[in-house]
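Engineer:
In the working numbering, the protein residues as written are 10 to 101.
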């Protein structure tokens with residue numbers, strides 16, 4: 010069986026912070042109005058279907074942070090699909 014998980018960009022599937030944590034990474038540069046709007050527009054795009062992320066779990070290869078050979082959902086390939094899910098638009 011395929012061990013795959015799809016995460017579509019859909020209303021209420023993402024959230025933005027309502028403020029800046031005291032110990033925010035990078036000095037809190039991502040916690041401002043401009044960054045929030047840029048993130049929102051990246052989801053909306055130009056009206057094309059939104060991005061869907063896919064995670065395909067598999068056997069952990071050697072040299073990764075997980076235990077080599079393990080199949081307990083500790084290793085996955087992540088891909089971003091902009092339109093057709095059969096096409097790998099961005100291999101992350």
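Here a beta-carbon is modelled for each residue, glycine too, at the ideal position from N, C-alpha and C.
For the structure I just gave you, are there three or more beta carbon pairs, one from the stretch 85-97 and one from the stretch 60-72, closer than 8 Å?
Structural biologist: With a cut-off of 8 Å, the stretch 60-72 and the stretch 85-97 count as touching, because enough Cβ pairs lie within range.
Engineer: Do residue 60 and residue 91 come within 7 Å of each other at the CB atom, strictly closer than that value?
Structural biologist: Against a cut-off of 7 Å, the Cβ pair of residue 60 and residue 91 comes out as a contact.
Engineer: Could you name the residues that DSSP lists as bridge partners for residue 86?
Structural biologist: According to DSSP, residue 86 bridges with 65.
Engineer: Rounded to a whole number of angstroms, what is the C-alpha to C-alpha distance between residue 96 and residue 18?
Structural biologist: About 17 Å.
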